[in-house]
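Protein chains in written order, with our numbering: chain E, 292 to 691; chain V, 292 to 691. The structure under discussion appears below in the form of structure tokens.
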């Protein structure tokens, strides 16, 4: 992680910003591939930039055992989210270097797992599994940036050719991903490993509030249609709706707000809220969304503003392989590692890979549950324990 | 106004963006000066870019009668705010072209009246009247822009030399400014001219909320320190505090909010609110600020976030010249124009010029009171009426 984290490093205390498809993202991958030259892997890339590092087996007609994660980060990120899964997979290959394996093994570096740049998450694995189109993934371009389609072009990929990246079901024997938990459960219970059974699904949408821009000094309070004041009410309504469903594992966040014209002397005429709702229970997610819809109607009426919404994604919670989870539990027990069965609140590339092959994930604890933050931190001993379990699983699966 | 409004024109419906010290700002002024070459004015500029167009009098030892306003705009502005005062003053000179006047007359084009770029308003007139330093005016740089000091340098001015722009009290006989009202009073009463007696003063400050950035999927609701949720509570508290003082003419606005890290999948770790409070009664302004302070403390305790504030400006309401107002009223009566005595909710360069010389302002109606908005509009007949009154006043003052 230390070497990779040099790419996109910000000023002290501001962590790392290595957004997908930026020069930093490409440089980090290039550097990492140079470090593992001695593994003699065959390196290929698909039509949207997902990268595949293959180690041959005794029988290369067999579907490979796959593992991996991503190298891109959020804005002001830590050094572990995603990177642990890539570096851990490569480390597992080093542990298995002298073993003869029947099936080939493949490490996948997915592109654009984080939504920080283009408004959509797990873009590489979505495209690889036929779960999205380039057009759709270009629809949420942020102010001051180029669209996903333009970013593909700029990086030398042909956006029109994205379907060439789609892989068929059964092309892998299985898919395995190590990731930091990004929550507090393992850190607080003291378990060293989490075996993931379900992945919560994000529903993401924009709420657009259209009010009226006016002079801030000369427009009396009663004559305003302040889009930010209306937006503030919606932020609190979203917070309340999610809090009421917290017992069912649902969370709700407004992570981005854009205001127009954004001047201290102008009453805001427009506010756009970027909303992220997640849960493992579909009924709870629906109830939360229903409450937000009601709040939008109330605020529209009370504040005399127009409130509209634009859906970005509505994913369904994903169940991973119970068989692989049982195998992971067996390996952990054999190695005397403290582990627990759990769900993932965050989305991962694994949730799309589950369409192609039986899939499982291992979580490792992160300090105070902090992630997407420069203070993100994991113990090297915990990373090593997970890599050992992963290597044992790869060996077992490749020879099965 | 039509010619000037070509500079900084946005896509249809988005008005004009001609921020201070940008190439658009300089180009607009250059173009305008070319149009009035036949007035044979002597053009000078001070150390920070305020521009002076002087017409000589019979006795050039007398302090000139001054008038003027600004050419810079807010983001997505209309075509009248400021521009009417500059073009109107030049038009008055055309009306007086064949008159012999004793004192010289000067049109002033002030720089950076709008705070949209640097977070401070009336920067040119503040510097000219010794009411601010370049250092102070550089302290509120917005994300993604250069500081005021850097902008001065880039435009070829020496920031260290800004004191050379300060003018002495008595250097002008008087100062007169035409401006659109930017409120609904004249439009609704049907008066053609407003004679301004007091200018409301803005108190501006940033509120900084420090929470904790966390993964939006993996951080349960109860474990969050969401800076934007806390910020939303403050936006509503500011709205409420100002509404309670609306009867005393006070208004309160959060025009800008910056969120960090600003990702849909990250709980906001930091939110910065840019607040603008204005009034004509000092006691009412104080009461509003007191209520906001109390809300900051409550939100800090309830939401477990750190809330701090940073003062940008705290101006005192300004009384203009009652004598000039009486003279204006006399001229309006002679010309059979419907006028009213009133106050200004917005700040203007005139409020600083009042330190140097007796100062007065004329307001003209704007449609629906809309300003700082592409829909800003004024009747040409109303502009002409004000220019006639202004020309009459200039003649009277220059020969007094």
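Note that the Cβ used here is the ideal one computed from N, Cα and C, for glycine as well.
Sequence-distant residues of the same chain with beta carbon closer than 6 Å to residue i, five excluded per side
i, result
"residue 439/V", "409, 428 and 429"
"residue 516/E", "502, 503, 595 and 596"
"residue 539/V", "572 and 575"
"residue 521/V", "500, 590, 594 and 596"
Any C-beta of chain V under 9 Å from that of residue i
i, result
"residue 584/E", "no"
"residue 444/E", "no"
"residue 349/E", "no"
"residue 438/E", "no"
"residue 416/E", "no"
"residue 527/E", "yes"
"residue 487/E", "no"
"residue 514/E", "yes"
"residue 326/E", "no"
"residue 467/E", "no"
"residue 425/E", "no"
9 Å Cβ cutoff met for residue i and residue j
i, j, result
"residue 333/V", "residue 344/V", "yes"
"residue 544/V", "residue 558/E", "yes"
"residue 626/E", "residue 679/E", "yes"
"residue 606/V", "residue 638/V", "yes"
"residue 500/V", "residue 546/E", "no"
"residue 590/V", "residue 525/V", "yes"
"residue 294/V", "residue 506/E", "no"
"residue 382/E", "residue 666/E", "no"
"residue 495/V", "residue 599/V", "no"
"residue 529/E", "residue 486/E", "no"
"residue 608/E", "residue 472/E", "no"
"residue 483/V", "residue 676/V", "yes"
"residue 360/E", "residue 469/E", "yes"
"residue 467/V", "residue 684/V", "yes"
"residue 372/V", "residue 662/V", "yes"
"residue 269/E", "residue 552/E", "Since the first residue of chain E shown is 292 and the last is 691, residue 269/E is not available in this structure."
"residue 315/E", "residue 309/E", "yes"
Coarse secondary structure for residue i, derived from DSSP in three states
i, result
"residue 501/E", "strand"
"residue 529/V", "helix"
"residue 580/V", "helix"
"residue 624/E", "helix"
"residue 335/V", "strand"
"residue 546/E", "strand"
"residue 661/E", "coil"
"residue 616/E", "helix"
"residue 433/E", "coil"
"residue 368/E", "strand"
"residue 493/E", "strand"
"residue 415/E", "helix"
"residue 638/V", "coil"
Other residues of its chain near residue i: CB distance less than 8 Å, five sequence neighbours each side excluded
i, result
"residue 612/V", "465, 645, 649, 650 and 651"
"residue 488/E", "610, 611, 613, 616, 632, 633 and 634"
"residue 420/E", "457, 458, 643, 644, 646 and 647"
Minimum Cβ-Cβ distance from residue i to chain E less than 9 Å
i, result
"residue 560/V", "yes"
"residue 298/V", "no"
"residue 663/V", "yes"
"residue 474/V", "yes"
"residue 539/V", "no"
"residue 495/V", "yes"
"residue 551/V", "yes"
"residue 569/V", "yes"
"residue 375/V", "no"
"residue 506/V", "yes"
Residue range of the beta strand (DSSP E) that includes residue i
i, result
"residue 643/E", "Run containing residue 643/E: none in the beta strand (DSSP E); it sits in the alpha helix (DSSP H), 641–644."
"residue 384/E", "Looking at the DSSP string, residue 384/E is not in any beta strand (DSSP E); the run it does join, the alpha helix (DSSP H), is 374–386."
"residue 465/E", "465–471"
"residue 398/E", "396–401"
"residue 600/E", "597–605"
"residue 439/E", "First-last for residue 439/E: 439–445, but that is the alpha helix (DSSP H), not the beta strand (DSSP E)."
"residue 651/E", "650–655"
Nonlocal neighbours in the same chain, by C-beta distance under 7 Å from residue i, ignoring five residues either side
i, result
"residue 403/V", "311, 312, 363, 409, 414 and 415"
"residue 436/V", "408"
"residue 418/V", "339, 453 and 456"
Closer than 8 Å: residue i CB and nearest the ligand HEM heavy atom
i, result
"residue 523/E", "Absence of the ligand HEM is noted for the structure shown, with no ligands found whatsoever."
Boundaries (first-last residue) of the alpha helix (DSSP H) holding residue i
i, result
"residue 677/E", "671–690"
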